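**Student:** Residue numbers (the numbering used here): 18 to 367.
Glycine included, every Cβ here is placed at the ideal spot set by N, Cα and C.
Quick caveat: nothing in here was measured; it's all calculated off a predicted structure.
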Ligand SMILES: Nc1ncnc2c1ncn2[C@@H]1O[C@H](COP(=O)(O)OP(=O)(O)OP(=O)(O)O)[C@@H](O)[C@H]1O
Ligand SMILES: [Mg+2]
C-alpha cells in the first residue's frame with residue numbers, strides 16, 4: 018500500500034515549482050500503519066514556504082484517495098537548496114535588496130525580510146553593504162555592539178532577533194564619516210563577504226546603498242548572487258530610479274526576483290481612511306516583475322525601526338508586518354523556483 022501512496026503523491030504538484038513532490042525529492046518519508054493510517058513527511062524547499070497550506074491540503078486529498086487509507090498525518094521539514102554551487106562556503110543564497118532611489122525603505126525592508134525568514138525557521142544573515150550610511154545595526158538595536166574576530170581571525174557576525182548581521186556601524190567609531198574610494202570599498206565588501214564567519218546560512222540578505230554605483234557592481238563581481246529584490250515607492254520619481262536598478266541588475270546577469278512596493282498607502286489610525294500618499298500600484302509599471310508585497314506607511318513600523326526591533330516581530334499583526342512577512346515568503350518561493358531551474362529533471366526518490 019506504501020507504493021500506492023507514493024504513486025498518489027506523484028500526482029501532487031508543488032504549486033509554485035510546477036512539478037510533482039516525488040520527482041522534486043520533497044517526500045522524505047511515507048509510512049502506512051495498521052488500519053490504513055498513513056504518515057507522510059514533506060520536505061519543503063524553504064521553511065518560509067508561501068504555499069504550505071495548499072500543499073498540505075493536496076497531499077491529504079491525494080493520500081486519502083488511495084483505497085484502504087483511512088487517515089493521514091502530514092508533517093513538514095524544510096531544506097533550502099542552493100542553485101548549483103553555494104554562493105559562499107556554507108551560504109546557499111545571496112539576495113540583494115536594492116532600489117535606485119534613496120530613502121524608499123530598503124534597509125527597513127531588508128531588516129524585516131531577514132527577521133521574517135528567520136522567524137519561519139530559516140538560517141539568515143544580513144549584510145549592510147551601505148558602508149557610508151549604515152542603518153541595519155541601529156534598526157536591530159545593536160548600534161553600540163562591536164564586531165569581534167574569532168580564533169581564525171574572521172569577523173564574527175553579531176546575533177540579534179534570530180539572525181546574524183555585519184555592518185560598518187559596528188566597526189567604525191560612532192559618528193565618524195568614512196571617506197573611502199572605489200578600491201577600498203570593493204575590498205570592504207569583499208571582506209564582509211569572505212572574511213566573516215557567517216557559518217551555515219540559507220539566505221544572506223544584502224542591504225544595498227541607494228543608486229547604481231560601485232558597491233552594487235563590486236558585489237555582483239565578488240560572489241554568485243541568486244537574485245535581487247527591488248524596493249520602490251509608487252511615486253514616479255522612485256519608479257524611474259527603480260527601473261534603472263532593474264536594468265543594472267539585468268546587465269550584471271543578476272535575476273530580479275520581484276518588487277516590493279513600500280509606503281504603498283496610509284490608513285489614518287483615527288479615522289480609518291486610506292490615503293495613497295505617493296499614488297498606488299506604481300510597482301506594476303516595472304515591466305511585469307512579480308509584486309512580492311505592498312507595505313503601507315505605518316507609524317509602528319517607523320517607531321520599531323528607531324527602537325531597534327523589526328516590526329514583523331514587534332507588531333506581527335499590523336498590516337505592514339503582514340505585508341512584509343508575505344513578501345519574505347513570496348521571495349523564498351521565488352528563490353526555490355530559481356534554484357530548481359538548475360536541478361536535474363529526476364531526483365532520487367525515498
Ligand atoms: N513602511 C514604512 N512605514 C513607516 N516608515 C517607514 C516605512 N518604510 C521605511 N520607513 C522609514 O523611512 C525612513 C527611511 O527608510 P530606510 O532607511 O529603510 O530607507 P532606505 O531606502 O534604506 O534609505 P537609504 O537610501 O538612505 O539607504 C526610516 O526612518 C524608516 O523607518
Ligand atoms: Mg538604507
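(1) Report the partner residues of residue 220 according to the DSSP bridge assignment.
(2) Please report the residue range of the beta strand (DSSP E) in which residue 275 lies.
(3) Indicate the three-state DSSP secondary structure (helix, strand or coil) for residue 8 in the structure shown.
(4) Near residue 344, which residues of its chain fall below 6 Å by C-beta distance, leaving aside the five closest residues on each side in sequence?
(5) Take the Cβ of residue 353 as the centre, count every other Cβ of all protein chains shown within 10 Å, and call the residue buried at 16 or more, exposed below.
(6) Using only the heavy atoms of ligand 2, determine whether one of them is closer than 7 Å to the beta carbon of residue 298.
(7) Expressed to the nearest angstrom, what Euclidean distance is found between the alpha-carbon atoms of residue 349 and residue 84?
(8) Please determine, among 355, 315, 39, the residue with the shortest C-alpha to C-alpha distance to residue 341.
(9) Is residue 134 near residue 271, with beta carbons less than 8 Å apart?
(10) Measure the C-alpha to C-alpha separation of residue 238 and residue 295 and round it to an integer number of angstroms.
(11) Go to residue 181, then tell me how far its beta strand (DSSP E) extends in each direction, as first and last residue.
(12) Report whether the distance from the Cβ of residue 150 to the nearest heavy atom of ligand 2 is below 7 Å.
(13) Can you find a heavy atom of ligand 2 that lies under 7 Å from the Cβ of residue 147?
(14) Quick test of your reading: residue 117 and residue 261, contact by CB under 8 Å. State the CB separation rounded to the nearest angstrom.
(15) In the DSSP output, which residue or residues are listed as bridge partners for residue 105?
(16) For residue 50 and residue 219, I'd like the C-alpha separation in whole angstroms.
(17) Please classify residue 35: is it buried, with 16 or more other beta-carbons within 10 angstroms of its beta-carbon, or exposed?
(18) Have a look at 122, 86, 76, 23 and flag the residue whose alpha-carbon is nearest the alpha-carbon of residue 246.
(19) I'd like to confirm something about residue 136: is its beta-carbon nearer than 7 Å to some heavy atom of ligand 1, or not?
(20) Cα separation between residue 86 and residue 55?
(21) Going straight from the alpha carbon of residue 207 to that of residue 173, what length do you get?
(22) Under 7 Å: does the beta carbon of residue 123 sit that close to some heavy atom of ligand 2?
(23) Which residues in the same chain have their Cβ closer than 7 Å to the Cβ of residue 81, if we skip the five residues on either side of it in sequence?
(24) I'd like the span of the alpha helix (DSSP H) that includes residue 257, first residue to last.
(25) Taking Cβ positions, are residue 58 and residue 92 nearer each other than 8 Å?
(26) State the beta-bridge partners of residue 176 as determined by DSSP.
(27) By a C-beta neighbour count over all protein chains shown, 10 Å radius and 16 as the cutoff for buried, is residue 7 buried or exposed?
(28) Using a Cβ-based criterion (distance less than 7 Å to any ligand heavy atom), does residue 219 qualify as near ligand 2?
(29) Closer than 7 Å to a non-hydrogen atom of ligand 1 - does that hold for the CB of residue 251?
(30) In whole angstroms, give me the CA-to-CA distance for residue 21 and residue 52.
(31) Considering just the uninterrupted stretch of the alpha helix (DSSP H) at residue 348, what are its terminal residues?
(32) Any heavy atom of ligand 1 closer than 7 Å to the CB of residue 279?
**Tutor:** For this structure:
(1) 110, 141
(2) 273 to 284
(3) Because the chain in this structure spans residues 18 to 367, residue 8 falls outside the shown range and cannot be described.
(4) 277, 309, 310
(5) buried
(6) no
(7) 36 Å
(8) 315
(9) no
(10) 35 Å
(11) 180 to 183
(12) yes
(13) yes
(14) 5 Å
(15) 108
(16) 35 Å
(17) exposed
(18) 122
(19) no
(20) 7 Å
(21) 15 Å
(22) yes
(23) 89
(24) 253 to 268
(25) yes
(26) 181
(27) Outside the displayed range of the chain (18 to 367) lies residue 7, so it cannot be described from this structure.
(28) no
(29) no
(30) 15 Å
(31) 336 to 357
(32) yes
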